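These protein sequence lines are chains U and F, in that order. The opening residue of the first sequence carries number 3 in the numbering used here; numbering runs sequentially from there. The opening residue of the second sequence carries number 3 in the numbering used here; numbering runs sequentially from there. Yeah, the Cβ is synthetic: ideal placement off N, Cα and C, and Gly gets one too. Keep in mind the model is a prediction, meaning the values are calculated, not measured.
Protein chains: 2
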Amino acid sequence: MNSTDTRERILQNMFLDIRKHGFQGLRADKVVADMGITKGALYHYFGNKQAIGKAVIDEIIRPNYLAFYHELDQSNDNPIPRLKEHLDYLSEQATDEDVTLGCPLNNLVQEMSPLDEDFRLRMKNIIDLIQQSVAAALERGKKAGFVRAEVDSQAIGRFFFSSIEGSYSLGKVSKSGAAFKSNMELLKTFLDGLEKP
Amino acid sequence: MNSTDTRERILQNMFLDIRKHGFQGLRADKVVADMGITKGALYHYFGNKQAIGKAVIDEIIRPNYLAFYHELDQSNDNPIPRLKEHLDYLSEQATDEDVTLGCPLNNLVQEMSPLDEDFRLRMKNIIDLIQQSVAAALERGKKAGFVRAEVDSQAIGRFFFSSIEGSYSLGKVSKSGAAFKSNMELLKTFLDGLEKP
DNA sequence: TTGACAACATACCAACTAGTATGTATCTTT
DNA sequence: AAAGATACATACTAGTTGGTATGTTGTCAA
């Protein structure tokens with residue numbers, strides 16, 4: 003097991019613990035202790051607690067969230083079915099246990115935005131990219147004749163993302179994947195309304 | 003200044019600090035120190051930190067959030083304009099500064115749901131009441147001929163609340179009241195689609 | 001084969017944090 | 001007016017938290 007392995011393993015476990023306890027609730031030394039290693043290893047790879055949080059956002063959360071939207075950016079298909087497929091994919095993931103832990107990005111946004119400007123900007127960047135990706139896909143869809151011309155793509159981009167995050171929030175407090183899925187279904191019918199008849 | 007005043011003042015300041023720093027980030031002794039009083043007063047009124055959180059939820063957040071929906075429960079008007087008016091009201095409140103601090107309920111939901119089952123259930127109760135209130139209003143609206151018969155009132159109740167919370171989330175990370183308002187406008191047009199033509 | 005560096009382990013610590021124990025002034029009740 | 005009870009203030013503390021200083025061991029190039 004080489005050094006990058008250890009770093010990756012630490013990061014993964016930090017990610018999981020942050021999702022459960024929040025960043026402020028993260029006890030980094032306990033996490034590594036549970037892994038069978040010590041603070042020596044931890045502070046060898048990360049200068050301080052903040053660096054752990056940043057690495058989790060940049061190296062785990064960001065690529066995971068942007069994967070779908072990078073694909074979307076490449077596509078010239080009708081964006082409406084594409085977006086709906088993504089919502090279906092999120093619904094599939096949404097077990098009670100998963101939803102109960104909340105959306106990792108949303109969790110951090112809520113907790114850290116007012117506390118740390120650096121964290122906030124990193125997360126805002128991810129969210130902006132998602133919105134822009136959706137908006138751009140809708141604009142391409144307009145040109146290709148899939149999407150109604152009067153649609154405000156920017157506004158839909160915001161609303162789309164917000165609805166997903168809000169649904170995670172509801173699912174979290176309800177401990178209910180079903181509540182999340184119900185909202186995804188409604189969001190899909192909302193998207194249908196954007197399609198050119 | 004009588005005793006209840008002091009208790010109320012403590013609670014208000016705790017509410018504000020929790021909104022900024024989260025419950026885990028709350029430094030109760032610092033808050034009272036900034037008020038010019040000491041831990042003696044604090045622990046005279048509240049047994050421990052948990053009790054502060056519960057009192058904030060029950061005595062500040064809950065009545066504040068339920069006020070509109072209690073009114074809604076009483077009304078037999080067309081619920082669609084009513085709900086839209088509420089969204090307008092939320093939009094008016096939504097300055098950049100306000101949105102940046104986030105929705106107090108959503109903040110706590112995100113932070114505390116996985117950490118404290120008692121907190122979670124108190125918050126879930128508030129949210130359930132909101133959803134039920136919206137759903138019941140839509141059902142009355144159906145009977146009175148305002149609302150399309152095929153509307154799934156329960157699902158709309160969930161989606162309505164989730165959209166608002168998600169919009170606060172977006173506004174918070176963006177530090178933008180405008181983003182929140184944009185979403186409220188979209189949610190209003192969504193509500194319009196539920197009305198009987 | 002040696003020396004330099006990476007990859008950890010161990011032992012410590014200062015600051016913080018929630019909470020307690022105890023004291024005191026004021027107010028209320030009898 | 002005496003006797004609690006209430007409303008705080010002050011001083012202390014045990015446990016926690018994030019972090020550091022200093023090892024030790026393996027690796028790998030010169």
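query: Among F/Gly-24, F/Ala-35 and F/Thr-102, the one whose alpha carbon lies nearest that of F/Gly-179; result: F/Thr-102
query: Alpha helix (DSSP H) runs wholly inside the segment 92–156 of chain U, at least 4 long, in chain order; result: 98–103, 106–114 and 119–145
query: Separation of U/Leu-28 from U/Gly-42, as counted between CA atoms; result: 17 Å
query: For U/Asn-185, the nearest candidate out of F/Gly-173, F/Lys-51, F/Phe-182 and F/Ser-155 (CA to CA); result: F/Ser-155
query: First through last residue of the alpha helix (DSSP H) which encompasses U/Lys-190; result: 179–194
query: Closer than 8 Å at the beta carbon, the chain U residues around F/Lys-1; result: With chain F covering only 3 through 199, there is no way to say anything about residue 1 of chain F.
query: Interface residues of chain F facing U/Thr-97 [CB-CB closer than 8 Å]; result: Within chain F, no residue comes near U/Thr-97; the closest Cβ sits about 15 Å away, beyond 8 Å.
query: Residues near U/Leu-196 by beta carbon distance below 8 Å, same chain, minus five either side; result: Ile-82, Leu-140, Val-149, Arg-150, Val-153 and Ile-158
query: C-beta atoms of F/Val-34 and U/Met-125 nearer than 7 Å; result: no
query: Beta-bridge pairing of U/Glu-197 - partner residues as DSSP gives them; result: U/Val-149
query: Coil, strand or helix - F/Asn-50 by DSSP; result: coil
query: For U/Thr-8 and F/Lys-183, the rounded distance between their alpha carbons; result: 45 Å
query: C-beta contact flag for U/Leu-172 and U/Ala-181 at 7 Å; result: yes
query: Classification of F/Asp-19 by the beta-carbon crowding that lies within 10 angstroms, buried from 16 upward; result: buried
query: Contact check, U/Gly-55 vs U/Phe-25, beta carbons under 7 Å; result: yes
query: Chain-ordered neighbours of F/Arg-160 on chain U, where CB pairs are closer than 7 Å; result: Leu-172, Ala-181, Ser-184 and Asn-185
query: Same chain only: Cβ atoms within 8 Å of U/Asp-120, ignoring 5 sequence neighbours per side; result: Gln-52 and Lys-56
query: Within-7 Å CB hit, U/Met-114 to chain F; result: no
query: Distance between U/Lys-198 and U/Asp-75 (C-alpha atoms, nearest Å); result: 21 Å
query: Three-state secondary structure (DSSP) of F/Met-3; result: Bear in mind that the predicted position of F/Met-3 carries a pLDDT of just 43, short of 50, making it unreliable; the figure below should be weighed with that in mind. If DSSP states are grouped into helix, strand and coil, F/Met-3 belongs with coil.
query: U/Gly-143 and F/Ser-164 closer than 7 Å at C-beta; result: no
query: Cβ shell of F/Lys-177 (< 8 Å), same chain only, five flanking positions each side left out; result: Asp-98, Val-101 and Thr-102
query: Close-in-space but distant-in-sequence residues of the same chain around F/Ser-2 (CB under 8 Å, 5 per side omitted); result: This structure cannot settle anything about residue 2 of chain F, because the visible part of chain F is limited to 3 through 199.
query: Helix, strand or coil at F/Arg-8 [DSSP, three-state]; result: Note that residue 8 of chain F corresponds to Thr in the displayed sequence, not to Arg. Correct three-state label for F/Thr-8: helix.
query: Residue range of the unbroken alpha helix (DSSP H) whose run includes F/Arg-64; result: 64–76
query: Expected contact under 8 Å - CB spacing of F/Leu-131 and F/Ile-62 to nearest Å; result: With a Cβ gap of about 16 Å, F/Leu-131 and F/Ile-62 do not count as contacting.
query: Cβ-based burial, U/Pro-65 [other Cβ within 10 Å; buried from 16]; result: exposed
query: Under 8 Å by beta carbon: chain U residues contacting F/Val-111; result: Ser-171, Lys-174 and Val-175
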